[in-house]
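Asks:
Protein chains: 2
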Amino acid sequence: MPELIIVGSIGLDDVKTPFGEKTSVLGGSAIYASFAASFFTNPGVVSIAGKDFPEEHKKLLTNRNIDIGGIEFKGKTFRWEGRYEYDMNEAKTLKTELNSLTEFSANLPEHYKDDKFLFLGNIDPILQLKVIGQATNPKFIAMDTMNFWISSKKETLIEAIKKVDLLLINDGEARQLFNTVNLLKAAEEALKLGPKYVIIKKGEHGALLFTDDTHFNAPGYPLEVLKDPTGCGDSFAGGMMGYLAKTNNLSESNIRKAIIYGSVIASFNAEDFSLERQKRLTNDEIEQRYKEFEKIRKF
Amino acid sequence: MPELIIVGSIGLDDVKTPFGEKTSVLGGSAIYASFAASFFTNPGVVSIAGKDFPEEHKKLLTNRNIDIGGIEFKGKTFRWEGRYEYDMNEAKTLKTELNSLTEFSANLPEHYKDDKFLFLGNIDPILQLKVIGQATNPKFIAMDTMNFWISSKKETLIEAIKKVDLLLINDGEARQLFNTVNLLKAAEEALKLGPKYVIIKKGEHGALLFTDDTHFNAPGYPLEVLKDPTGCGDSFAGGMMGYLAKTNNLSESNIRKAIIYGSVIASFNAEDFSLERQKRLTNDEIEQRYKEFEKIRKF
């Protein structure tokens with residue numbers, strides 16, 4: 001049984017940034033999150049891809065001891081085309097082909113159901129709820145979401161938020177969902193729904209963790225080379241959840257550490273397209289940058 | 300002799316934010332910076348105001364032991380009208396009446412010339428250079444600037460930057476001045492010009508300190524109540540410089556502390572219009588929030 005289950009999308013992306021252009025590269029929330037988590041644990045992925053999904057990508061995952069037994073293969077793989085301008089904080093979506101993603105059943109394999117750590121990447125909140133309903137023994141469930149679901153399925157999304165321990169959401173989306181400009185108020189509203197933790201992601205500006213009575217400010221890391229921010233949010237979440245699953249320690253101080261490890265993986269992820277930087281990332285580099293994060297905030 | 304000289308503008312502002320509207324309230328870079336500095340030291344202000352400048356504002360400053368002997372009084376006071384939308388990070392300037400500001404001589408009073416700590420608020424870089432030329436014994440000169448001077452007097456601005464120890468600049472302006480999206484590269488370019496320190500201000504997202512070989516990330520403080528961000532950048536600079544002048548210690552660790560004290564004053568400043576919050580701010584509140592800044596970043 002994997003220590004961590006990751007549910008989300010698998011895609012083939014066409015990405016253009018001011019620093020280059022790549023076509024048909026590996027992407028999707030489940031991919032970034034599980035690869036990032038694989039630096040700490042051996043996650044299991046629940047997702048769907050097409051029959052056209054390249055063998056080499058499957059191998060890339062299984063070589064990292066990522067369990068792909070929960071991936072369905074049907075029809076054509078989900079495709080996304082996006083572009084970043086010089087402000088790399090937000091992608092402009094040029095095209096989305098859902099393809100087989102519309103048939104995603106979100107069924108947990110039998111041997112995943114008893115898993116303690118669960119990350120629900122950005123997918124339809126109906127499917128997030130369905131996954132939560134199948135978990136027989138959850139210890140810590142985290143979920144992510146996006147503006148599309150806030151606009152189109154707000155009530156279902158709220159139902160899902162009520163059932164998780166940690167909500168991940170970016171700053172603009174938190175403001176949209178809770179109808180306030182004040183992130184502190186947005187976090188308070190989110191906590192009222194049930195989660196013990198809320199993490200507001202601020203892209204290059206880092207992330208904020210809120211609980212009922214504490215607040216943690218994780219810095220962004222200034223990069224010499226920034227090529228493609230695609231998947232940074234998912235890499236952050238995956239790295240964080242991977243560290244939590246590995247350490248099996250839900251104290252707030254350990255959650256803070258996990259957030260920094262997530263930030264470390266996300267910062268590397270932006271240094272190259274798709275998973276290129278993560279593919280050549282070493283544990284030594286991770287530990288070194290973790291120490292850098294300590295240094296840049298000491299006073 | 301004051302421990303810190305602050306050069307900048309004095310104004311009367313009309314400000315509208317989503318949380319209210321005030322007319323003809325006290326403002327200007329020299330005002331915010333010197334008031335913030337007065338929590339740590341007794342600064343001297345070099346500026347110009349009109350003969351219409353209200354007596355009560357003069358009293359407000361002198362009651363804080365701010366030396367106003369370097370303020371000229373001529374014609375009408377500089378006026379600024381601005382509005383903030385829900386994204387409070389940037390003001391939209393609706394009207395500017397320079398009035399007597401165009402006659403500002405930027406002459407240091409004789410007993411200021413030997414001063415060791417000097418803050419040059421956002422004014423014409425020609426005047427900033429003129430002030431630097433009058434300082435006979437400077438130990439630490441910091442300067443701020445803005446997009447207007449980057450567009451209109453870039454070469455003079457560069458000359459001024461070459462002569463200071465610390466450049467303060469906001470993120471958008473750093474990108475504009477050094478023609479790069481990458482803040483790390485912008486900071487490197489700024490350091491090459493001569494300053495030992497560069498601080499990039501990111502509004503609600505905090506501030507970054509760069510030296511040749513180190514980097515410090517100061518967090519923003521999430522506010523329950525945010526009414527008016529006018530003067531936060533100047534309050535940050537003034538608080539920081541006030542703390543440095545008081546402690547007379549230019550080690551990097553003390554500069555980091557000074558940045559946090561500056562962030563503390565700036566965070567309070569945003570809680571109300573004009574100087575209202577700073578007027579009722581106590582040293583206990585400052586120390587308490589300083590400790591909060593430690594707590595929100597511990598991991």
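In order, the protein sequence lines correspond to chains A and Y.
Each step along the first sequence adds one to the number in my numbering, with nothing skipped, and position 202 is 202.
Each position in the second sequence, counted from 1, maps to that position plus 299 in my numbering.
We treat Cβ as the ideally placed atom computed from N, Cα and C, and that holds for glycine.
Because the structure is a prediction, the values reported are computed rather than measured.
1) What number of angstroms, rounded off, separates the C-alpha of Lys185(A) from the C-alpha of Glu523(Y)?
2) Which residue from Pro125(A), Leu108(A), Thr41(A) puts its Cα closest to that of Asn137(A)?
3) Is DSSP giving Tyr84(A) helix, strand or coil here?
4) Would you please state the rounded distance, in angstroms, between the beta carbons of Ile123(A) and Leu168(A)? I believe it to be under 8 Å.
5) Can the beta-carbon of Pro342(Y) be found closer than 8 Å to that of Ile370(Y)?
6) Residues of the stretch 85–96 of chain A with a CB closer than 8 Å to any CB of chain Y: list them in chain order, please.
7) Could you tell me whether the stretch 81–88 of chain A touches the stretch 208–224 of chain A, using the rule of 3 or more Cβ pairs below 8 Å?
8) Are the beta-carbon atoms belonging to Phe572(Y) and Lys357(Y) less than 8 Å from one another?
9) Determine the burial state of Asn154(A): buried for a count of at least 16 other Cβ atoms within 10 Å of its Cβ, exposed for fewer.
10) If contact is defined by three or more beta carbon pairs under 8 Å, each pair taking one atom from either stretch, is the stretch 419–434 of chain Y in contact with the stretch 550–560 of chain Y?
11) List, from N- to C-terminal side, the alpha helix (DSSP H) runs of 4 residues or more that fit wholly inside the stretch 509–571 of chain Y.
12) Pull out every residue of the stretch 548–565 of chain Y whose Cβ sits closer than 8 Å to any Cβ of chain A, in chain order.
13) Considering only residues of the stretch 135–197 of chain A, which uninterrupted alpha helix (DSSP H) runs meet the minimum length of 4 residues and lie entirely inside it, listed in chain order?
14) Looking only at its own chain, which residues have a Cβ that is under 6 Å from the Cβ of Trp80(A), when we skip the five neighbours before and after it?
15) Going along the chain, which residues of its own chain have a beta-carbon closer than 8 Å to the beta-carbon of Leu250(A), five neighbours each way excluded?
16) Applying the 10 Å Cβ sphere with the 16-neighbour rule, what's the burial state of Leu94(A)?
17) What do you get for Thr401(Y), buried or exposed, if any count of 16 or more other CB atoms within 10 angstroms of its CB means buried?
18) Which residues in the same chain as Ile564(Y) place their Cβ atom closer than 6 Å to its Cβ, once the five residues preceding and following it in sequence are excluded?
19) Assuming Lys113(A) is part of the beta strand (DSSP E), what are its boundary residues?
20) Taking only beta-carbon positions, decide if Glu224(A) is within less than 8 Å of chain Y.
21) Output, in sequence order along the chain, the residues in the stretch 481–493 of chain Y whose CB is closer than 7 Å to any CB in chain A.
22) With Ile150(A) and Gly194(A) assumed to form a contact (beta carbons below 8 Å), what rounded beta-carbon distance in angstroms separates them?
23) Looking at chain C, is there any beta carbon in it that lies within less than 8 Å of the beta carbon of His205(A)?
24) How many whole angstroms separate the CB atoms of Ser100(A) and Lys76(A), which I take to be in contact at a CB cut-off of 8 Å?
25) At which residues does the beta strand (DSSP E) containing Ser323(Y) begin and terminate?
26) Here's a check: name, in chain order, each residue in its chain whose Cβ is nearer than 6 Å to the Cβ of Phe53(A), leaving out the five neighbours to either side.
27) Mind checking His111(A): buried by the 16 CB within 10 Å criterion, or exposed?
28) Please confirm if Arg596(Y) has its CB atom under 8 Å from at least one CB of chain A.
29) To the nearest whole angstrom, what separates the beta carbons of Leu456(Y) and Ala441(Y), a pair I think is in contact under 8 Å?
30) Who are the Cβ neighbours of Pro18(A) in its own chain at under 6 Å, not counting the five residues just before and after it?
31) Between which residues of its own chain and Tyr261(A) is the CB-CB distance below 6 Å, once the five residues before and five after are set aside?
32) From Asn147(A), Glu204(A), Glu188(A), pick the residue whose C-alpha is nearest to that of Leu177(A); which is it?
33) Would you tell me roughly how many angstroms separate the C-alpha atoms of Val345(Y) and Val463(Y), rounded to the nearest one?
34) According to DSSP, simplified to helix, strand and coil, what is Gly502(Y)?
35) Residues bridged to Ser38(A) by DSSP?
36) Whose Cβ in chain Y lies nearer than 9 Å to the Cβ of Phe268(A)?
Replies: Well, looking at it:
1) As a position in the first sequence, residue 185(A) is number 185, starting the count at 1. As a position in the second sequence, residue 523(Y) is number 224, starting the count at 1. Computed Cα separation, rounded: 7 Å.
2) For the purposes of this step, residue 137(A) is taken as the residue at position 137 of the first sequence. Considering only alpha carbons, the answer is Leu108(A).
3) Residue numbering aside, residue 84(A) sits at position 84 when the first sequence is read from its first letter. Residue state, collapsed to three classes: coil.
4) Here residue 123(A) is taken as the residue at index 123 of the first sequence, counted from 1. Here residue 168(A) is taken as the residue at index 168 of the first sequence, counted from 1. That pair is no contact at about 13 Å.
5) Taking the first residue of the second sequence as 1, we reach residue 342(Y) at position 43. Taking the first residue of the second sequence as 1, we reach residue 370(Y) at position 71. No, the Cβ-Cβ distance between Pro342(Y) and Ile370(Y) is not below 8 Å.
6) Tyr86, Asp87, Met88
7) no
8) Here the question's residue 572(Y) lines up with position 273 in the second sequence. Here the question's residue 357(Y) lines up with position 58 in the second sequence. Cβ distance not < 8 Å, so Phe572(Y) and Lys357(Y) don't count as in contact.
9) One-based indexing of the first sequence puts residue 154(A) at position 154. The sequence given here places Lys at residue 154(A); Asn does not occur at that position. So Lys154(A) ends up on the exposed side.
10) no
11) 531–546, 551–568
12) Ser552, Arg555, Lys556, Ile558, Ile559
13) 147–152, 154–162, 171–178, 183–192
14) Your numbering for residue 80(A) matches position 80 in the first sequence. Within the same chain, Trp80(A) has close Cβ partners Gly11, Asp13, Thr96.
15) Residue numbering aside, residue 250(A) sits at position 250 when the first sequence is read from its first letter. Result list for Leu250(A): Lys139, Phe140, Leu244, in chain order.
16) Here residue 94(A) corresponds to residue number 94 of the first sequence, with the count starting at 1. Counting Cβ neighbours within 10 Å, Leu94(A) comes out exposed, since fewer than 16 surround it.
17) Residue numbering aside, residue 401(Y) sits at position 102 when the second sequence is read from its first letter. Exposed, by the Cβ-count rule.
18) Numbered from its first residue, the second sequence carries residue 564(Y) at position 265. So the list reads Ala335, Ser534, Gly538, once near-sequence residues are dropped.
19) The count along the first sequence starts at 1 and reaches residue 113(A) at position 113. Looking at the DSSP string, Lys113(A) is not in any beta strand (DSSP E), and its letter there is neither H nor E.
20) As a working mapping, residue 224(A) is identified with position 224 in the first sequence. Chain Y, which has a Cβ nearer than 8 Å to the Cβ of Glu224(A), makes this yes.
21) Asn481, Leu482, Leu483
22) As a first step, residue 150(A) is located in the first sequence; it is residue number 150 there, counting from the start. As a first step, residue 194(A) is located in the first sequence; it is residue number 194 there, counting from the start. Not a contact, Cβ separation roughly 17 Å.
23) Checking the listed chains, one finds no chain C in this structure; the protein chains it contains are A and Y.
24) Position 100 of the first sequence, counted from the start, is the residue given in the question as residue 100(A). Position 76 of the first sequence, counted from the start, is the residue given in the question as residue 76(A). Between Lys76(A) and Ser100(A) the Cβ distance is about 6 Å, and since that is below 8 Å, they are a contact.
25) As a working note, residue 323(Y) is residue 24 in the second sequence. Segment 319–326, the beta strand (DSSP E) holding Ser323(Y).
26) As a position in the first sequence, residue 53(A) is number 53, starting the count at 1. Thr77.
27) Numbered from 1 along the first sequence, position 111 holds the residue referred to as residue 111(A). Counting Cβ neighbours within 10 Å, His111(A) comes out exposed, since fewer than 16 surround it.
28) One-based indexing of the second sequence puts residue 596(Y) at position 297. So, interface residue.
29) Working through the second sequence from its first residue, we reach residue 456(Y) at position 157. Working through the second sequence from its first residue, we reach residue 441(Y) at position 142. Between Ala441(Y) and Leu456(Y) the Cβ distance is about 15 Å, and since that is not below 8 Å, they are no contact.
30) Reading the first sequence from its first residue, position 18 is the one you call residue 18(A). Contacts found: Tyr86.
31) For the purposes of this step, residue 261(A) is identified with residue 261 of the first sequence, where counting begins at 1. If we look at Tyr261(A) and ignore the five residues flanking it on each side, its Cβ neighbours are Gly239, Tyr243.
32) Locating residue 177(A) in the first sequence gives position 177, counting from the first residue. For Leu177(A), the nearest C-alpha among the options comes from Asn147(A).
33) Indexing the second sequence from 1 puts residue 345(Y) at position 46. Indexing the second sequence from 1 puts residue 463(Y) at position 164. Whole-angstrom Cα-Cα distance: 18 Å.
34) Numbered from its first residue, the second sequence carries residue 502(Y) at position 203. It is helical.
35) For the purposes of this step, residue 38(A) is taken as residue 38 along the first sequence, with counting starting at 1. Answer is none; Ser38(A) lacks a bridge partner.
36) If you number the first sequence from 1, residue 268(A) lands on position 268. Within chain Y, no residue comes near Phe268(A); the closest Cβ sits about 15 Å away, beyond 9 Å.
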